[in-house]
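Colleague: Each protein sequence line maps, in turn, to chains A and B.
Residue numbers for the first sequence follow full-length UniProt numbering, so the first one is 1 and each next one is one higher.
Residue numbers for the second sequence follow full-length UniProt numbering, so the first one is 1 and each next one is one higher.
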Amino acid sequence: MATSTIVARPLPVLPEGWSAEKDFKPIGSITASTQRTIEPVGPHFLAHARRARHKRTFSEDDRIQAQESAKKIEKDDESDVSEPEDPLMLQREAKDWKSQDHYQVLGLSKYRWKATEEQIKRAHRKKVLKHHPDKKAAQGSTEDDNFFKCIQKATEVLLDPVKRRQFDSVDEKADVDPPTKKELAKGNYYKLWGRVFKSEARFSKQQPVPTFGDENSTKEEVENFYNFWYNFDSWRSFEYLDEDVPDDNENRDQKRHMERKNANARKKKKAEDNARLRKLLDECSAGDERIKKFRQEANAAKNKKRLDKEAAEKKAKEDARLKKEAEEKAAKEAEEKAKAEREANKKAKEAAKNAVKKNKRVLRGSVKDANYFAGSGDASPAQIDAVLNDVELVQGKIDPDEIAALAGKLNGLKVADEIKGVWSEEVKRLVAAGKLKDGDVKSLV
Amino acid sequence: MTEKGAGQLGVSPSDRCAIGISFGNSYSSIACTIDDSPVVIANEDGDRQIPTILSYVDGEEYTGNQAKAMLIRNPKNTVISFKDFLGQEFKSIDPTHCHAAAHPQDANGTVSFTIQDKVEGEPPSTLSVKEISTRYLRRLLQSASDYLGKKVTSAVITVPTNFTESQREALIRAANDAELEVLQLINEPIASVLAYDARPEAKLEDKIIVVADLGGTRSDVAVVASRGGLYTILATAHDYEFAGVHLDTVLMDHFAKEFMKKNPNVDPRGNARSLAKLKAESEAAKKALSIGTNASFSVESLADGIDFQTTINRLRYETIARKVFEGFNRLVEGVIKKAGLDVLDIDEVILSGGTSHTPRIANNFRAIFPETTSIQAPATSATAINPSELQARGAALQASLIQEYESDDIEQSTHPAVTTVKHITNAIGVISLSGDGEEIFTPIIAPETAVPARRTVHIAAPENGGDVLVKITEGGTHIKVTKPEPKPKENGEKEGEDEDEDDSDFDSEEEEEEHREKIWKIGTTLAEAAVRDVKKGGKVEVTINVAGDLAVTITTRAVGGKGGVRGTLPAP
Ligand SMILES: Nc1ncnc2c1ncn2[C@@H]1O[C@H](COP(=O)(O)OP(=O)(O)OP(=O)(O)O)[C@@H](O)[C@H]1O
């Protein structure tokens, strides 16, 4: 084309670091093509033909090949094999059209509700070509056009989407019966029931319909399937089976009566159909190993959970018990220990006390032994008092260890001076330590 | 297409006077070109749609509307609806539409009619459908020659896309017997496309066209890819259940019932003559309802000598004919599906054939297709061409294009070796950026383009110019369906940020219609190229050339700049 289109959306900026030889990077090639026939019409085709013919000469071979490789747009009608015509069907009365099998009349028995509009039209045309009464008459056979009328009626019904649904609703030949126990016994559960639901699916307002699946279907798929089918929204209706309503104006009451009767009958059949489907589902699901499997799995899972929970509870209880026991034990032990300690302490204290007493006795004994530092004569009571007071004072300033140490030093000493020496040393120490003041205890120095 | 090419009668190009003929079962038309623009020729009765009928009374031959009038008084010697029988065996024809006229018969397998075509007393003749056709074509030629003032020697004739080899051959022989050289038989939908494309104001664009040819006894629909002026038929459908006569029948039943309300025991459908009158007037009323909103129906002595007069309005007509109209809708939708396309892929719908005058049909199509699809019919487009004339116009245009060619040349050019070529499956295009920087596929060569093919685009460079990446990829489309947002329960918080559309939620339509749009998907990358130093605000030119063997040559440069990048990809 000479002209070029303008595109307003901008091109991207060249990415950093992009490079290629001569700035061109070949990456792929065109994926697929179809051989088709261009129409040899119009000025642009003439240009094409000129170009094409100048470039090459065509051998007959090329031509045939080209012709054969082109995608066929016109399908020849012959491709459909025809269904044999039942002689009984050919004798049908056109007025009994309500009871005729429209699909069979058109030779579409194996397609039924699956037949496309185009198939119906093609089938009709084929039948017309064969059974048109004018043709029969031209060929000198009878003028009976009954079957031709059957064909016309069948086509009228099947090409009218509303009427076709009404007929499909009651086309029992399209039904797939639920499998018998015997059939199921041979296995093939999923295939057999799958067929049933595939056929029932034709009534679904909602398309596509989930399929039955097989033993490998997941739990979700199976649940989805049953959910869908237990809530099936069907367009199936039963007006096709209505009894004829009188068409004249005279019998108005009877007409109304018939209409009511028909309406009730439709409702009843619809309810029956719903019940039928539910029963079908109940039956199917009852034998559905997948459901059992999932239930067992679910049960096992649930049981496991329960056991786990119980075990956990038991363990927790046990743990608690053990913990409590341990705590109690620890507490008891601690108490006993404390008690023992307390007792030991008490003993020690008592022992210390006794020791202190004993030591104090030693201290007091030592000054007595030293005759209260009165020399060889009797010590005056004042002297005794003063010495004992001072001993008391020193005792009060020092702790039991020091008392013991002091007692140790005094123990065994009999000589008054030696005793006094120990005392005065002790007093000096205490004065040095600041516990006593110089001159506080005169009698012992 | 191995039927004998032109040159059957040894006419040399310089002696040719060529016309276009649309030869239908119900009506035919003839057209010539004057200064390259097509003109449909009126016959001596002033008709441009000439009923395809021959009738014999007292040895006189009548054709067109005069012959059609004979259906009431002389049906046995009136031949109608015969064209499709050409080249067919008796066992494979549908005689339905001949019921109220001469009946086709089996003469050694070929279809024939026995009629009294000579004066009373002579024995009747048995004429094959080819002979009938020859006689009828002769009358068309006569009309054309009278109009042009010179003898017409040659013609391009339109045929349905499913016309078989033997039908084509029989048609050419019938024409030859009428001393008419057939330059070429062309497919009816393509003739209609050409009639539109040849208008001076037409632009050469790649587009997908649906041609709905709604005739008298059949409806034919084709999906056509138009690529650089080359046409490829992608799918076709043929329908004999929904066509003009079925609309006639709806009206006949309606008027018959109206008549019987007043005359309870007289059914005008009960005898042949009343039926013929009923049919003729019903067709007239139907045509009137295409123009006006009311039509009158008036027949003298419709049945039992009773005159009948009534009217019908368009609304009533559209109600009683709804089923047929819906049949047309399904037919068109079906063939689009058959082509593997969606209504969103269709750029144009051309309505052709007499029945396409019906406003309701065009309006229904208007409703099926998106607004961007142009619906070429009188009711939906002021610039539409008369649907009854499209095929004859297209045929005349083609005739004027090829009449100076030697017959050999025509034959060679139309051979499969020339017409059968590869068509690319995926679009080829370039990656550009949307407003928010997202990579978007921009097609340069459309899918179903015949190769060799070449296309060029000019694309904006980034805002500031500089070095630019030209990334060539394949692309495909998918249909994105956006379900209407369920009415927000509460005026809740933000609904997530991933809504990439500004939904124009004007709350106007109560009906929750889903929104469908065609989205390009980026396919496999074919090549990358760099265009350097593009000026600020500049443009980049990208040319893609696909050779007959699917090798690709890509050239790109800054518009107005020097040099450029060129590279090739090997054939797959
Ligand atoms: N203005 C109109 N409004 C409605 N229908 C019309 C109009 N003009 C013609 N027709 C109808 O169009 C039909 C004829 O269409 P056309 O001229 O395309 O015939 P054809 O190509 O011979 O058709 P076929 O080969 O399918 O019989 C007839 O049924 C005729 O009644």
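The C-beta atom is built at its ideal place from N, Cα and C for all residues, glycine as well.
Here's the rule: buried if 16 or more other CB atoms are within 10 angstroms of the residue's CB, otherwise exposed. What is threonine 319 (chain B)?
Modeller: By the neighbour-count rule (16 or more Cβ atoms within 10 Å), threonine 319 (chain B) is not buried but exposed.
Colleague: Determine the chain B residues that contact phenylalanine 45 (chain A) at a beta-carbon separation under 7 angstroms, and present them in chain order.
Modeller: What phenylalanine 45 (chain A) touches in chain B: Leu230.
Colleague: What does the alpha-carbon distance come out to for the pair leucine 158 (chain A) and arginine 139 (chain B)?
Modeller: Answer to the nearest angstrom: the Cα atoms are 42 angstroms apart.
Colleague: Can you give the Cα-Cα distance for lysine 360 (chain A) and asparagine 371 (chain A), rounded to whole angstroms?
Modeller: Lysine 360 (chain A) and asparagine 371 (chain A): Cα-Cα distance of roughly 16 angstroms.
Colleague: Closer than 9 angstroms, CB to CB, is glycine 20 (chain B) near chain A or not?
Modeller: Glycine 20 (chain B) does not count as touching chain A.
Colleague: Give, in chain order, every residue of the region 69-99 of chain B whose Cβ lies closer than 8 angstroms to some Cβ of chain A.
Modeller: Here the close residues are Phe90, Lys91, Ser92, Ile93, Asp94, Pro95, Thr96, Cys98, His99.
Colleague: Buried or exposed: which applies to tryptophan 423 (chain A), given that a residue is buried once 16 or more other Cβ atoms fall within 10 Å of its Cβ?
Modeller: Tryptophan 423 (chain A) is buried by the Cβ-count criterion.
Colleague: Going along chain A in order, which residues have a C-beta closer than 8 angstroms to the C-beta of asparagine 426 (chain B)?
Modeller: Residues of chain A passing the Cβ test: Ile30, Thr31, Ala32.
Colleague: If contact is defined by three or more beta carbon pairs under 8 angstroms, each pair taking one atom from either stretch, is the region 18-28 of chain B in contact with the region 80-94 of chain B?
Modeller: In short, these stretches touch, since the Cβ pair count reaches three.
Colleague: With 7 angstroms as the C-beta to C-beta threshold (strictly closer), list the residues of the region 128-145 of chain A near chain B in chain order.
Modeller: From the region 128-145 of chain A, only Val128, Leu129, His132, Asp134, Lys135, Ala138, Gln139 have a Cβ closer than 7 angstroms to chain B.
Colleague: Spell out the partners DSSP gives proline 572 (chain B) in its beta bridges.
Modeller: Note: proline 572 (chain B) sits in no beta bridge, so no partner.
Colleague: Have a look at B:Glu181, B:Ile385, B:Gly340 and flag the residue whose alpha-carbon is nearest the alpha-carbon of lysine 151 (chain B).
Modeller: Of the listed residues, the one whose Cα sits closest to lysine 151 (chain B) is B:Glu181.
Colleague: Is there a Cβ from chain A that is less than 9 angstroms from the Cβ of histidine 458 (chain B)?
Modeller: By this cut-off, histidine 458 (chain B) is an interface position.
Colleague: Put isoleucine 419 (chain A) into one of helix, strand or coil per three-state DSSP.
Modeller: Of the three classes helix, strand and coil, the one that applies to isoleucine 419 (chain A) here is helix, per DSSP.
Colleague: Check this for me: beta carbons of proline 264 (chain B) and arginine 314 (chain B), under 9 angstroms apart or not?
Modeller: Contact flag unset, no.
Colleague: Does ligand 1 have even one heavy atom less than 8 angstroms from the beta-carbon of threonine 311 (chain B)?
Modeller: It does not: the Cβ of threonine 311 (chain B) is nowhere closer than 8 angstroms to a heavy atom of ligand 1.
Colleague: Within the present structure, is the beta-carbon of valine 176 (chain A) separated from the nearest heavy atom of ligand 1 by less than 8 angstroms?
Modeller: No, since every heavy atom of ligand 1 falls outside the 8 angstroms radius drawn around the Cβ of valine 176 (chain A).
Colleague: Compute the minimum distance between the beta carbon of aspartate 283 (chain B) and the heavy atoms of ligand 1, and state whether it is under 8 angstroms.
Modeller: The residue asked about is misnamed: residue 283 (chain B) is glutamate in this sequence, not aspartate. Within the cutoff, so yes.
Colleague: By the criterion of Cβ-Cβ separation under 9 angstroms, what are the contact partners of glutamate 83 (chain A) in chain B?
Modeller: The contacting residues do not exist; glutamate 83 (chain A) stays about 18 angstroms from chain B at best.
Colleague: Is residue 463 (chain A) near arginine 236 (chain A), with beta carbons less than 9 angstroms apart?
Modeller: This structure leaves residue 463 (chain A) out entirely; chain A is present only between 1 and 445.
Colleague: Should residue 575 (chain B) go down as buried or exposed, given a rule of 16 or more other Cβ atoms within 10 Å for buried?
Modeller: Chain B is shown only over 1 to 572; residue 575 (chain B) falls outside these bounds and no answer can be derived.
Colleague: Within 9 angstroms (strictly less), CB to CB, does glutamine 49 (chain B) reach chain E?
Modeller: No chain E is present in this structure, whose protein chains are A and B.
Colleague: Grouping DSSP H, G and I as helix and E and B as strand, with all else coil, what is valine 394 (chain A)?
Modeller: Valine 394 (chain A): helix per DSSP, three-state reduction.
Colleague: Tell me the DSSP secondary structure of cysteine 150 (chain A) in three-state form.
Modeller: DSSP places cysteine 150 (chain A) in helix when its eight states are reduced to three.
Colleague: Given the structure, does tyrosine 27 (chain B) come close to ligand 1, in the sense that its CB is under 8 angstroms from one of the ligand's heavy atoms?
Modeller: Yes, the Cβ of tyrosine 27 (chain B) comes within 8 angstroms of a heavy atom of ligand 1.
Colleague: Thinking C-beta only, is alanine 31 (chain B) closer than 9 angstroms to alanine 392 (chain B)?
Modeller: The answer is yes: Cβ separation under 9 angstroms.
Colleague: Using the rule of at least 16 other Cβ atoms within 10 Å of the residue's Cβ for burial, across every protein chain shown, is histidine 238 (chain B) buried or exposed?
Modeller: Buried: at least 16 other Cβ atoms inside 10 Å.
Colleague: What residues of chain B sit near aspartate 23 (chain A), judged by a beta carbon separation below 8 angstroms?
Modeller: Ala529, Ala530, Val531, Arg532, Val565, listed in chain order.
Colleague: Taking valine 245 (chain B) as part of the alpha helix (DSSP H), name the residues at either end of that continuous run.
Modeller: That run of the alpha helix (DSSP H) goes 244-262.
Colleague: Given that glutamine 35 (chain A) touches chain B, what residues does it touch there, using C-beta distances under 8 angstroms?
Modeller: Under the 8 angstroms cutoff, chain B gives Thr420, Val421, Lys422, His423.
Colleague: Relative to the alpha-carbon of threonine 236 (chain B), which residue among B:Phe242, B:Asn187, B:Pro268, B:Ala243 has its alpha-carbon at the smallest distance?
Modeller: Here the closest residue by C-alpha is B:Asn187.
Colleague: For a contact defined as C-beta to C-beta under 8 angstroms, what are the partners of residue 490 (chain A) on chain B?
Modeller: This structure cannot settle anything about residue 490 (chain A), because the visible part of chain A is limited to 1 through 445.
Colleague: For glycine 353 (chain B), verify whether its CB is less than 8 angstroms away from any heavy atom of ligand 3.
Modeller: Ligand 3 is not part of the structure shown, which contains ligand 1 as its ligands.
Colleague: Using the C-alpha atoms, what's the distance from threonine 553 (chain B) back to leucine 54 (chain B)?
Modeller: Their backbone Cα atoms lie some 58 angstroms apart in a straight line.
Colleague: What does the Cβ neighbour count give for valine 211 (chain B), buried or exposed, with the cut at 16 atoms within 10 Å?
Modeller: Classification of valine 211 (chain B): buried, given that the 10 Å Cβ count is 16 or more.
Colleague: How would you label glycine 187 (chain A), buried or exposed, when you count the other beta carbons within 10 angstroms and need 16 or more for buried?
Modeller: Per the 10 Å Cβ criterion, exposed.
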